[in-house]
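**Student:** This structure is in structure tokens; I'll ask about it shortly.
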Amino acid sequence: TLREKGVKRFAIVDTDCHHASGTRDIFLTDDSVLHVCFCYQDYSDEHNNIDVAIPNRTSDEEYLARMRQEFIPRVTAFQPEYIFWEFGYDATQGEYGDKGLSRDSHLRMARLIKEAADRVCRGRLITILCGGSGRAVAAHTIPRIIDTLAELGRYR
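The working numbering puts the first residue of the sequence shown at 27, with every later residue one more than the last.
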């Protein structure tokens, strides 16, 4: 486990469209974990567990602005050793959790989260694919995120 490896603090940012209640249950009272979830209808801020309200229809700019307002300052203050990104593309237009996001919104999220990881935890970012079912969205989005995170420069 991470604890056995000496990791003392980590952050989880969840951009899958469904609430990560299992993750929340595990870390609810753990002061060494910051969990910021961008998939809830209501806002809550309880003990390092933040649910950011995302409307059923939102623009890329509005979503990214909420990430900048809610995640970036918190992760900067928290100073984790790792960031885990629970990435789901199910909030993309046409997906089962459609919130109105474009395919390219996820690439912009990847850049934002990567920049935060580079700044606060020496680039230690672990990305976990959590949701989405459309092959066309996956084929467009996933390679671009890998390219961005690995700094390959194939997609600009």
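For each residue, glycine too, the CB sits at the ideal point set by N, CA and C.
Determine the extent of the alpha helix (DSSP H) in which Ala72 is found, giving its start and end residues.
**Tutor:** The question names Ala, but residue 72 is Glu in the sequence shown. Glu72 -> not in any alpha helix (DSSP H); beta strand (DSSP E) instead, spanning Ser70 to Glu72.
**Student:** Per DSSP, which residues does Glu112 bridge with? Please list them.
**Tutor:** Asp40 and Ile154
**Student:** Please state if the CB of Lys125 and the CB of Asn75 are separated by a distance shorter than 8 angstroms.
**Tutor:** no
**Student:** For Tyr181, which residues from the same chain have a beta carbon less than 7 angstroms from its beta carbon, with the 5 sequence-adjacent residues on both sides left out?
**Tutor:** Excluding sequence neighbours, Tyr181 sits near Arg170 and Asp173.
**Student:** Relative to the alpha-carbon of His44, which residue among Ala162, Glu177, Val78 and Leu54 has its alpha-carbon at the smallest distance?
**Tutor:** Nearest of Ala162, Glu177, Val78 and Leu54 to His44, Cα basis: Val78.
**Student:** Give a yes or no on contact between the segment 31–41 and the segment 107–115, applying the rule of three or more CB pairs nearer than 8 angstroms.
**Tutor:** Touching, yes, given that three or more Cβ pairs across the two stretches are closer than 8 angstroms.
**Student:** For the alpha helix (DSSP H) that Ile139 lies in, which residues bound it at each end?
**Tutor:** Ser131 to Val146
**Student:** Between Asp68 and Asp116, is the Cβ-Cβ spacing less than 8 angstroms?
**Tutor:** no
**Student:** Kindly indicate the opening and closing residues of the beta strand (DSSP E) around Ile76.
**Tutor:** Asn75 to Ala79
**Student:** CA-CA distance, Ile52 and Ala162?
**Tutor:** 33 angstroms
**Student:** Just how far apart, CA to CA, sit Gln95 and Val101?
**Tutor:** 11 angstroms
**Student:** Would you call Lys31 buried or exposed, if buried means 16 or more other Cβ atoms sit within 10 Å of its Cβ?
**Tutor:** exposed
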